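Heads up, the thing below is written out as structure tokens.
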Amino acid sequence: MEEIKIASRKSRIFAFMIDHFVLTIIAVFPLIIYLMNAEMQAGFIVAFVGLWIFIFFIFFTIRDTFKGKSLGKRIIGITVRDAKNIDSVPTISRLFVRNLLVIIWPVEFIVLATKENKQRLGDEIARTVVVKERDLSLWKLISVILFVIIFSIGILISTILLLVKNSDAYEASINYIENSEEIVEETGGIEGFGFLPSGSVQISNGEGETVYSIRVKGKDEDILVEVYLTKEPSQDWVVQEVYYE
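full-length UniProt numbering puts the first residue of the sequence shown at 1, with every later residue one more than the last.
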């Protein structure tokens, strides 16, 4: 019979952090950006956020259902197994039930840290155990974590660029800049725009305010243009003030 190698608490916590970090970046941040640019009534926003959180929770609870391994567990080298049959992967329903208690994760961490058998409440209820499949050196672990962080940051930046540069407010700002004779004259002709604009967006019940700082690349010189826009319900964004230097 194969010797059972119970996964260390440290490896399980690392795996959980990887799962949580990646899922949060992929799911939650786009939601925030979307809500910043969407026209929604307050009641609908609450319902929409609630639905999104529910979907996120479902994805988090089913993360181990493919062969007992989430992304974090695959990276760290651990897996979920049947507590009574180490060679068997628990059923999908048991893996789902196991992760339902993730909603009280502070309690789960305390139980995991204090239980001698390294089982959290979800493991005991679903009759599962987390075992080590392979060793992972410290340097490899650090490399993996850095890769996950860099990958997640890449997704984050890509999401910002995609959503910001496709927003109606940003498009209105660019149209104004391109049609401004003063800015065209100041730059000697517009050749392009900066890679990542900065600014803020506030929208409530269809009314909004936003400020963008956009780097304008010109033939003669580059300038930084700050555009202030407002929006009325069911109306387009309107440029109110423009500053540049």
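C-beta: ideal position from N, C-alpha, C; glycine also.
This structure is a prediction, so every number in the text was calculated from the model and none was measured.
Three-way DSSP call (helix, strand, coil) for residue i in this model
{"i": "Val-89", "result": "coil"}
{"i": "Met-1", "result": "Model confidence at Met-1 stands at a pLDDT of 45, short of 50, so the residue's coordinates are unreliable and nothing is read from them."}
{"i": "Ile-62", "result": "coil"}
{"i": "Lys-84", "result": "coil"}
{"i": "Glu-241", "result": "strand"}
{"i": "Leu-136", "result": "coil"}
{"i": "Gly-68", "result": "coil"}
{"i": "Glu-116", "result": "coil"}
{"i": "Ser-204", "result": "strand"}
{"i": "Ser-198", "result": "strand"}
Cα-Cα separation, residue i to residue j
{"i": "Ser-143", "j": "Gly-218", "result": "41 Å"}
{"i": "residue 333", "j": "Ile-53", "result": "Outside the shown range of the chain, which is 1 to 245, sits residue 333, and nothing can be said about it."}
{"i": "Ser-88", "j": "Asp-64", "result": "14 Å"}
{"i": "Ile-55", "j": "Val-28", "result": "11 Å"}
{"i": "Phe-193", "j": "Tyr-170", "result": "12 Å"}
{"i": "Tyr-212", "j": "Lys-165", "result": "11 Å"}
{"i": "residue 247", "j": "Ser-200", "result": "With the chain represented from 1 up to 245, any question about residue 247 goes unanswered, as that position is not in the structure."}
{"i": "Phe-14", "j": "Phe-109", "result": "12 Å"}
{"i": "Phe-66", "j": "Ser-204", "result": "41 Å"}
Test item: CB-CB of residue i and residue j under 9 Å
{"i": "Val-129", "j": "Val-80", "result": "yes"}
{"i": "Pro-90", "j": "Gly-72", "result": "no"}
{"i": "Ile-223", "j": "Thr-187", "result": "yes"}
{"i": "Leu-101", "j": "Gly-77", "result": "no"}
{"i": "Asp-82", "j": "Arg-134", "result": "no"}
{"i": "Leu-229", "j": "Ser-180", "result": "no"}
Exposed unless 16 or more other CB atoms sit within 10 angstroms - verdict on residue i
{"i": "Glu-241", "result": "exposed"}
{"i": "Gln-119", "result": "buried"}
{"i": "Ser-167", "result": "buried"}
{"i": "Thr-4", "result": "The sequence as given places Ile at residue 4; Thr does not occur at that position. Classification for Ile-4: exposed."}
{"i": "Arg-94", "result": "buried"}
In DSSP terms, what residue i is bridged to
{"i": "Lys-217", "result": "Gly-192"}
{"i": "Val-131", "result": "Ile-6 and Thr-79"}
Residue i Cβ short of 8 Å to the ligand SAM heavy atom set
{"i": "Ser-11", "result": "The ligand SAM is absent from the structure shown, which contains no ligand whatsoever."}
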